[in-house]
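Residue numbers (our numbering): 30 to 428.
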């Protein structure tokens, strides 16, 4: 028996906040989740899988659009033509309490309700599978839903679909929390997880996997994204990763020296872009300039970014969306040439610890909050440091 496990499709993701991007690249980026999903469907058909499982957050918002739903249905109909069922749970983003016009799905699609239930699959050769899962009835599900998964005897294999957070992972919202011990105690053959956007094999025995999302949507979701092909043969279980991402977010670090000059930096940036271009895939690239102990002004970084963005782009593109200097703030603050006023700004920044209160208006703003994810303490510190660097750069230019 073989099946494909995918999660966190976020098909109608808005991809906001990318300024000065050519319309052709922005269009490609907005289309990338759909193309990634089409890759999954094509892989399912070409590999003749028995079924697919989608473990939550198929749509990015609770009020999914008609266009997105119709396109999703089209892909399900392709599976139906090849007698491939799809088993689906909805997560915190596309929970069942949203408001939308329902588009009827074909009979091969099995959507789990708001309460944990069991669905049965049977192959022509008589092999049987019990699939367990629930869809989020509302956006915030903080109960230990794992306790509602009860093994129903009478099948050769048992697969749990669960969109939730493994305890100990503080980077994501603690929805439907569970522990590895709880998963193991259910005696299932496979746990098809969703919610975490990074591919992670939590355990080989029992087999517990987050496939990650199918297409990176921002710089935090860097690297290749995809889904999983899972194969059972008696007691033997195999899994392999299938790449689906149309556009890859990545960062590259370039070491520079203060005496290298602009031309040397420009040449290094172009070399990185050319190397990525030979890959044949499309990239959204952040260039980090490692200045080491050298004092480097960032005053021309915006202009350098624009120059890099004017490089010719082929069918596959390498778009530099940001260039920044990485240098320890301690070294910058120790610069003896800082004006007294700026030295005081640096001191205040180094002691600032109320980032959440400063960001609070954004999280309660009806237009902004839907685009915002939780910002972890490390990222909060990076925001403050970046703001300080910007202030130092602006005042240094006005001296």
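Don't be surprised by glycine CBs; every beta carbon is placed ideally from N, CA and C.
Everything numeric in this text was worked out from a predicted model, so none of it was measured.
Rounded straight-line distance, which links the Cα of residue j to that of residue i
i           : j           : result
residue 194 : residue 329 : 43 angstroms
residue 313 : residue 225 : 21 angstroms
residue 72  : residue 309 : 20 angstroms
residue 131 : residue 92  : 10 angstroms
residue 321 : residue 375 : 20 angstroms
residue 265 : residue 111 : 26 angstroms
residue 128 : residue 90  : 10 angstroms
residue 221 : residue 160 : 10 angstroms
residue 216 : residue 101 : 33 angstroms
residue 188 : residue 341 : 48 angstroms
residue 285 : residue 319 : 6 angstroms
residue 262 : residue 34  : 17 angstroms
residue 55  : residue 350 : 12 angstroms
residue 388 : residue 415 : 15 angstroms
residue 168 : residue 239 : 20 angstroms
residue 196 : residue 233 : 17 angstroms
residue 175 : residue 165 : 13 angstroms
residue 344 : residue 97  : 25 angstroms
residue 252 : residue 281 : 12 angstroms
residue 283 : residue 304 : 13 angstroms
residue 117 : residue 32  : 13 angstroms
residue 145 : residue 182 : 16 angstroms
residue 109 : residue 53  : 33 angstroms
residue 289 : residue 297 : 11 angstroms
residue 59  : residue 30  : 34 angstroms
Residue i - containing alpha helix (DSSP H), residue span
i           : result
residue 254 : Note, residue 254: premise wrong, no alpha helix (DSSP H); not H, not E.
residue 306 : 290-306
residue 176 : Neither: residue 176 is in no alpha helix (DSSP H) and is coded neither H nor E.
residue 219 : Unbroken run through residue 219 is the beta strand (DSSP E), 219-223; no alpha helix (DSSP H).
residue 103 : 95-110
residue 385 : 384-393
Member of the options whose CA lies at the smallest distance from the CA of residue i
i           : options            : result
residue 39  : 123, 344, 313, 192 : 123
residue 61  : 48, 131, 245       : 245
residue 295 : 126, 338, 374      : 338
residue 63  : 275, 149, 174, 235 : 275
residue 104 : 74, 156, 355       : 74
residue 317 : 333, 307, 70       : 333
residue 352 : 315, 379, 231, 212 : 315
residue 121 : 307, 163, 267, 175 : 163
residue 107 : 141, 68, 88        : 68
residue 192 : 218, 145, 119      : 119
residue 136 : 114, 280, 348      : 114
residue 138 : 293, 382, 80       : 80
residue 354 : 331, 171, 154      : 331
residue 291 : 336, 307, 83, 170  : 336
The beta strand (DSSP E) enclosing residue i, as first and last residue numbers
i           : result
residue 161 : 157-162
residue 267 : 265-272
residue 229 : 229-233
residue 312 : 311-319
residue 349 : 347-355
residue 170 : Where residue 170 is concerned, there is no enclosing beta strand (DSSP E), given that its DSSP letter is neither H nor E.
residue 237 : 236-239
Cut-off 7 angstroms between Cβ atoms - residues of its own chain near residue i, not counting five sequence neighbours on either side
i           : result
residue 94  : 41
residue 384 : 409, 412, 413
residue 270 : 228, 255, 257
residue 420 : 374
residue 250 : 226, 242, 278
residue 49  : 338
residue 267 : 260
residue 378 : 413, 417
residue 206 : 173, 193, 194, 196
Reduced DSSP secondary structure (H/G/I, E/B, other) of residue i
i           : result
residue 61  : helix
residue 505 : Residue 505 lies beyond the range of the chain shown here (30 to 428); nothing can be said about it.
residue 79  : coil
residue 334 : helix
residue 7   : Residue numbering for the chain in the displayed model covers 30 to 428; residue 7 lies beyond these limits and cannot be assessed.
residue 149 : strand
residue 279 : strand
residue 373 : helix
residue 414 : helix
residue 32  : strand
residue 116 : strand
residue 420 : helix
residue 53  : helix
residue 140 : strand
residue 340 : coil
Residues of its chain near residue i, where Cβ-Cβ distance is below 6 angstroms and the 5 sequence neighbours each way are ignored
i           : result
residue 37  : 86, 223, 226, 242
residue 237 : 212, 220, 231
residue 70  : 104, 107
residue 311 : 276, 345, 346
Close beta carbons around residue i, own chain, < 8 angstroms, minus the five adjacent residues each side
i           : result
residue 149 : 157, 158, 159, 160, 184
residue 57  : 275, 276, 311, 346
C-beta neighbour in chain C for residue i, strict 8 angstroms
i           : result
residue 169 : No chain C appears in the structure shown, which is made up of a single protein chain.
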